[in-house]
Amino acid sequence: MNETLLSVRNLKVGYRVGKNSVDAVDGASFDVPRGSIVGLVGESGCGKTTVARALTRVMADNASITGGQMVFDGRDLVTLPEREMNALRWRDIAFIPQSAMNSLDPVYTVEYQLNEVLRRRGGLGRRQARARCEELFEMVGIEVGRLRDYPHQFSGGMRQRVAIALALALNPKLVIADEPVTALDVIVQRQILDQLRELQSMLGISVILVTHDISVVAYVCDRTVVMYAGRVAESGAMDATLTQPSHPYTMGLRNAFPDLQGAASGTLTPIEGAPPDLSDPPAGCRFAPRCPFALEICATTQPPLADISPDHAVACHRAGEAVVLRERAARVETWMTEPAMAEA
Ligand SMILES: Nc1ncnc2c1ncn2[C@@H]1O[C@H](COP(=O)(O)OP(=O)(O)OP(=O)(O)O)[C@@H](O)[C@H]1O
Ligand code: SF4
Ligand SMILES: [Mg+2]
1 MNETLLSVRN LKVGYRVGKN SVDAVDGASF DVPRGSIVGL VGESGCGKTT
51 VARALTRVMA DNASITGGQM VFDGRDLVTL PEREMNALRW RDIAFIPQSA
101 MNSLDPVYTV EYQLNEVLRR RGGLGRRQAR ARCEELFEMV GIEVGRLRDY
151 PHQFSGGMRQ RVAIALALAL NPKLVIADEP VTALDVIVQR QILDQLRELQ
201 SMLGISVILV THDISVVAYV CDRTVVMYAG RVAESGAMDA TLTQPSHPYT
251 MGLRNAFPDL QGAASGTLTP IEGAPPDLSD PPAGCRFAPR CPFALEICAT
301 TQPPLADISP DHAVACHRAG EAVVLRERAA RVETWMTEPA MAEA
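Dropping the structure here:
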């Protein structure tokens, strides 16, 4: 089950803005094994949606992939001719955009929209499509009688279920869900995540779950890819990355979010400041201006993403001191003081 389905290497994606370019993703590398849920997590603006959209090659007009590889099931999506890429969308890679309403057209019934995918893209006949619509609604726990409803007739959670049904319509190998539960309350979040997990495991598919909320990742994912300012800060299996993080940004994120399971959590400690402007990012480690453990080298030299164990990669000059830094990161006062350069 651990064979790699998707391998992203040194991916670069830029946006043209006037005469300038914003390097929104600047050398991202990570793997998605078959049959696993990978959480792509980081604060707003760190490049999660840009990565997700690059994987489908359905991007903003001013966006372009400027380097790297995205090897999916043996084929590099970066260089795949558009015709072949188009054939992969929905059938092999399904995308649930950042708001469920974005994947649903308000003027058509849900059945009509499912049919469009099943018949036009999947080549199913009318009866087959009808049967598949019913099957999909049963899978996501919505009464079949509601197939003829319009998107606005569903609650937010149900719309998200419909969006999941739409994504699963043609049995894809990979589903990319961009912030699938962000707008929902915690109870509905849990229901949707539980269902996503159940379907993922039943169908044996892989999922990339994009979220800014590390507790969502902790709740449902097998693996984590933590992004900061267009780069991967840390990635690997859940235990390595979230239970025992080795990057100060991951340590900070863990302190900043409540537990989705409702377990009593201590004080939430935000990471002071904001991610850098990507049109003019810092020269060295992009987290340095906010990092309580920054050294002089951090301001000048970009730390490479390096394996610190077979299934755990970290981009930090101090990854070798993770045990000590974790202890310090657990103290609120660590994050309240101004980051001091050259601190021992
Ligand atoms: N069409 C665009 N033109 C120019 N810059 C863009 C465009 N879309 C995104 N960006 C910039 O690229 C960077 C990454 O944006 P992206 O939407 O990928 O972040 P994100 O991690 O998905 O954030 P969020 O959590 O808010 O959805 C941000 O600095 C953003 O301002
Ligand atoms: S210790 Fe340095 S390299 Fe590591 S996250 Fe902090 S600033 Fe970046
Ligand atoms: Mg986004």
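According to UniProt numbering, the sequence shown is numbered sequentially starting from 1.
The beta-carbon is built from N, C-alpha and C at its ideal position, and this holds for glycine as well.
Predicted model only: the values in this text are computed from it and were never measured.
When the options are compared against residue i, the one with the closest alpha-carbon
i	options	result
Lys-173	Val-332, Arg-34, Gly-27 and Arg-16	Arg-34
Gly-252	Asp-239, Ile-271 and Ala-240	Ile-271
Val-210	Pro-97, Arg-91, Arg-89 and Arg-326	Pro-97
Arg-197	Asp-222, Arg-159, Arg-326 and Leu-40	Asp-222
Val-25	Val-13, Asp-31, Ser-36 and Lys-19	Val-13
Endpoints, the beta strand (DSSP E) within which residue i is located
i	result
Lys-12	4-17
Asn-20	20-33
Leu-253	Not the beta strand (DSSP E): Leu-253 falls in the alpha helix (DSSP H), residues 248-256.
Glu-321	Unbroken run through Glu-321: none, as it is neither H nor E.
Val-38	37-41
N- and C-terminal bounds of the alpha helix (DSSP H) containing residue i
i	result
Met-336	332-336
Glu-111	110-115
Ile-271	From DSSP, Ile-271 is part of no alpha helix (DSSP H); its letter is neither H nor E.
Glu-143	Element bounds for Glu-143: n/a, residue is neither H nor E.
Thr-300	296-300
Reduced DSSP secondary structure (H/G/I, E/B, other) of residue i
i	result
Ala-264	Unreliable placement is indicated for Ala-264, whose pLDDT of 48 sits below 50; no coordinate value is reported for it.
Gln-98	coil
Gly-67	strand
Val-225	strand
Leu-174	strand
Ala-329	helix
Thr-49	helix
Val-188	helix
Glu-135	helix
Ser-103	helix
Pair within 8 Å by beta-carbon distance, residue i and residue j
i	j	result
Leu-170	Leu-199	no
Leu-166	Phe-72	no
Val-216	His-247	no
Val-175	Val-140	no
Pro-258	Leu-268	yes
Val-41	Thr-224	yes
Gly-284	Ala-306	no
Ser-99	Ala-177	no
Val-78	Ile-65	yes
Ile-187	Gln-160	no
*Can you pull every residue whose C-beta falls closer than 5 Å to some heavy atom of ligand 2, listed in chain order?*
Working through the chain, the matches are Pro-248, Cys-285, Phe-287, Ala-288, Cys-291, Phe-293, Ala-294, Cys-298, Pro-303, Cys-316, His-317 and Arg-318.
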